[in-house]
Amino acid sequence: MPIDQGQFDQAADRLNMARDPASVRRRVEAMEGLLERAFTVPGTNFRIGVDSVAGLVPVLGDVVTAAMGAWLIWEAKNLGMSKWHLARMTGNVAFDTAIGMIPLVGDAVDFLFKSNTRNLRIMKKWLDKHHPVPPTIEGEVLGRRLD
Numbered sequence: 008m009p010i011d012q013g014q015f016d017q018a019a020d021r022l023n024m025a026r027d028p029a030s031v032r033r034r035v036e037a038m039e040g041l042l043e044r045a046f047t048v049p050g051t052n053f054r055i056g057v058d059s060v061a062g063l064v065p066v067l068g069d070v071v072t073a074a075m076g077a078w079l080i081w082e083a084k085n086l087g088m089s090k091w092h093l094a095r096m097t098g099n100v101a102f103d104t105a106i107g108m109i110p111l112v113g114d115a116v117d118f119l120f121k122s123n124t125r126n127l128r129i130m131k132k133w134l135d136k137h138h139p140v141p142p143t144i145e146g147e148v149l150g151r152r153l154d
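Residue numbers for the sequence shown follow this note's numbering, beginning at 8 and rising by one.
Rendered as structure tokens:
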């Protein structure tokens with residue numbers, strides 16, 4: 008049962024999910040941090056996230072983290088990113104998911120191939136070009152106080 012745009016807008020307003028590029032950037036950065044850098048491996052400086060840990064659970068973990076990665080792509084689509092960028096991002100998540108399904112080898116690759124970090128980099132580059140963040144100097148944006 009498809010949801011129309013008006014219903015979606017009402018639900019988004021109730022959830023207080025702002026759709027401006029700056030809010031999307033903050034949400035996407037937070038999700039990427041959770042998926043790829045949430046924990047530090049004890050005794051090392053190597054950081055892993057929910058993507059690597061959930062990937063240890065056969066099939067289910069990879070499906071759940073693929074869905075979370077797909078959310079990043081959905082946010083990118085809502086920003087109006089090109090089909091080329093969306094295809095690259097989808098390819099990153101698909102590769103991560105497909106390799107993650109292979110026992111042991113997939114888990115090892117999952118620690119090294121950070122698809123969500125790659126996708127965040129693609130999104131940031133696009134956002135910086137199309138929706139640059141105004142420069143701030145000691146709490147001011149172009150002469151306005153940020154209080």
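Glycine residues also receive a C-beta, built at the ideal position from the N, C-alpha and C atoms.
Task: Limits of the unbroken alpha helix (DSSP H) element including S122 - done: Position 115 of the sequence shown, counted from the start, is the residue given in the question as residue 122. Per DSSP, the unbroken alpha helix (DSSP H) holding S122 starts and ends at S122 to H137.
Open item on the list: Here's the rule I'm using: 16 or more other beta-carbon atoms within 10 Å means buried, otherwise exposed. How should G85 be labelled?
Closed with: Here residue 85 is taken as the residue at index 78 of the sequence shown, counted from 1. Correcting the residue identity first, residue 85 is Asn in this sequence and not Gly. Counting of Cβ neighbours within 10 angstroms places N85 among the exposed residues, the total staying below 16.
Task: For I55: DSSP bridge partner residues - done: Counted from its first residue, the sequence shown places residue 55 at position 48. F46.
Task: DSSP-derived helix/strand/coil call for D11 - done: By one-based count along the sequence shown, residue 11 stands at place 4. Reduced to three states, the DSSP call for D11 is coil.
Open item on the list: Just to confirm before moving on: does the CB-CB distance between V116 and E82 stay below 9 Å?
Closed with: Translated into the one-based positions of the sequence shown, residue 116 becomes position 109. Translated into the one-based positions of the sequence shown, residue 82 becomes position 75. At the C-beta level, V116 and E82 stay beyond 9 Å of one another.
Open item on the list: Tell me the residue span of the alpha helix (DSSP H) that contains V100.
Closed with: Your numbering for residue 100 matches position 93 in the sequence shown. Run containing V100: K90 to G107, per the alpha helix (DSSP H) assignment.
Task: Spatial distance of D114 from S59 (CA atoms) - done: As a first step, residue 114 must be located in the sequence shown, where it is residue number 107. As a first step, residue 59 must be located in the sequence shown, where it is residue number 52. CA-CA distance, D114 to S59, rounds to 7 Å.
TODO: Let me know if T51 comes out buried or exposed under the rule of 16 or more other beta-carbons within 10 Å of its beta-carbon.
DONE: Stepping through the sequence shown from its first residue, residue 51 is reached at position 44. By the C-beta density criterion, T51 is exposed, having fewer than 16 other C-beta atoms within 10 angstroms.
Task: Sequence-distant residues of its chain with Cβ nearer than 7 Å to E43 (five each side left out) - done: For the purposes of this step, residue 43 is taken as the residue at position 36 of the sequence shown. Closer than 7 Å at the Cβ level, and outside the excluded window around E43, lie G56, D58, K121, N123 and T124.
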